[in-house]
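Going left to right, the sequence shown walks through residues 1253 to 1527 as the working numbering numbers them. Heads up, the beta-carbon is just placed ideally off N, CA and C, and yes, glycines get one too. Keep in mind it's a predicted model, so treat the numbers as computed, not measured. Just below is one structure, and these are the notes that go with it.
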Amino acid sequence: MEKRDSVSLTSSSFKNLQINSEKPNNKSPISSYSSSLGVCADSVVRSCEKSKCPSLVSLCLGVIGQHFEEIFECVGEVLASFPPDTKLALVAIAKRRKLLNDDVLISLADSSWDVLDISGSDVSDLGLTKVSEIVNTLRTVDIRRCCKITVAGVSKLVHHCLFQVPCNALPNVTLDDHIVKDIDPKAWEVGGVSSKVIARSSLNVNKTPIAEKFRLAFVERDAKKALEEAKKARKNEKLAEREWARSTEAKAVALEWQLKGLVFPKNKRKSKSFD
């Protein structure tokens, strides 16, 4: 009987027993603090990915662009030692701030460039010629709204870079937009007016079309080639005459004419005496 009572008691105690599979919440303050830090770091990374934080180079270029005129006057030689992509970005900033001229372009020119956008700048034939001598690998050049560039400058560009006139121009495409997309617009905006507004206002001015400039440049180049070929032909003709004069045939002909000159005067004298 006692055994039966003990078995019934143990079975009832097992029924009243509640098993909890969940782990006790004994988190330490350090672990909770580290988890909160991880959540904050993830949120910062996600916000940076969404906003696309600019790189350190872009931030530095933005600061230089805001004070480009003063920096170029003081340490222009230092800017000339920058990498090619950085110098091309500085050219784009100077162009948008209406500070791009012959001195700035020549000092920043790099031989590895293949694209150059100097539209709407104060670059003249001199600057374009010097840059074409330094950068002879240019494939695409934008010289729209450059009042100081004439057919002579374009012909020098064609002569040094040796590229053909494009069949189709793209007037709505700005070649250096991708260069300054990560730079703060405050670095290159002038007086709160963006370069797009300036470009639209300047499009209304009647200027010589870029295709016409290139056509005239090629016409001038062909004319120069024709003059050079004519000079070369005259030079070759003179050389041929000199070589023939030194030959034995020329000497024989000259001797024959000399003998004829001696004979004819005697015959003339005899005819006069008979008269």
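Name the DSSP beta bridge partners of residue i, please?
{"i": "Leu1368", "result": "Val1393"}
State the DSSP-derived secondary structure class of residue i, mapped to helix, strand or coil.
{"i": "Asn1488", "result": "helix"}
{"i": "Thr1402", "result": "coil"}
{"i": "Phe1334", "result": "coil"}
{"i": "His1412", "result": "helix"}
{"i": "Asp1377", "result": "helix"}
{"i": "Ser1273", "result": "Only weak support exists for where Ser1273 lies, its pLDDT of 47 falling under 50; the value from the coordinates is given anyway. Correct three-state label for Ser1273: coil."}
{"i": "Ser1530", "result": "This structure cannot speak to residue 1530, because the chain is shown only from 1253 to 1527."}
{"i": "Val1383", "result": "helix"}
{"i": "Lys1279", "result": "Bear in mind that the predicted position of Lys1279 carries a pLDDT of just 49, short of 50, making it unreliable; the figure below should be weighed with that in mind. It is coil, neither helix nor strand."}
{"i": "Gln1510", "result": "helix"}
Is the separation between the beta-carbon of residue i and that of residue j shorter than 9 angstroms?
{"i": "Asp1354", "j": "Ser1376", "result": "yes"}
{"i": "Leu1352", "j": "Asp1374", "result": "yes"}
{"i": "Val1367", "j": "Arg1391", "result": "yes"}
{"i": "Leu1313", "j": "Ala1341", "result": "yes"}
{"i": "Val1403", "j": "Leu1468", "result": "yes"}
{"i": "Lys1350", "j": "Gly1372", "result": "yes"}
{"i": "Ile1323", "j": "Val1343", "result": "no"}
{"i": "Thr1389", "j": "Gly1405", "result": "no"}
Less than 8 angstroms between the CB atoms is what I'm expecting for residue i and residue j, so what's the real figure, rounded?
{"i": "Val1383", "j": "Ile1358", "result": "7 angstroms"}
{"i": "Arg1486", "j": "Val1410", "result": "Arg1486 to Val1410, Cβ: 26 angstroms. No contact."}
{"i": "Ser1363", "j": "Val1387", "result": "6 angstroms"}
{"i": "Gly1317", "j": "Ile1345", "result": "4 angstroms"}
{"i": "Trp1509", "j": "Ala1502", "result": "Not quite, the Cβ-Cβ distance comes to about 11 angstroms (not below 8 angstroms), so this is no contact."}
{"i": "Trp1365", "j": "Pro1335", "result": "The pair is not a contact, with the Cβ atoms about 12 angstroms apart (cut-off 8 angstroms)."}
So the alpha helix (DSSP H) residue i belongs to, where does it begin and stop?
{"i": "Lys1533", "result": "Nothing in the structure corresponds to residue 1533, since the chain is present only between 1253 and 1527."}
{"i": "Asp1362", "result": "Premise fails: Asp1362 is in no alpha helix (DSSP H) and is neither H nor E."}
{"i": "Val1315", "result": "Leu1308 to Gln1318"}
Going by the C-beta, is residue i closer than 8 angstroms to any heavy atom of the ligand MG?
{"i": "Cys1398", "result": "Here there are no bound small molecules, and the ligand MG is not part of this structure."}
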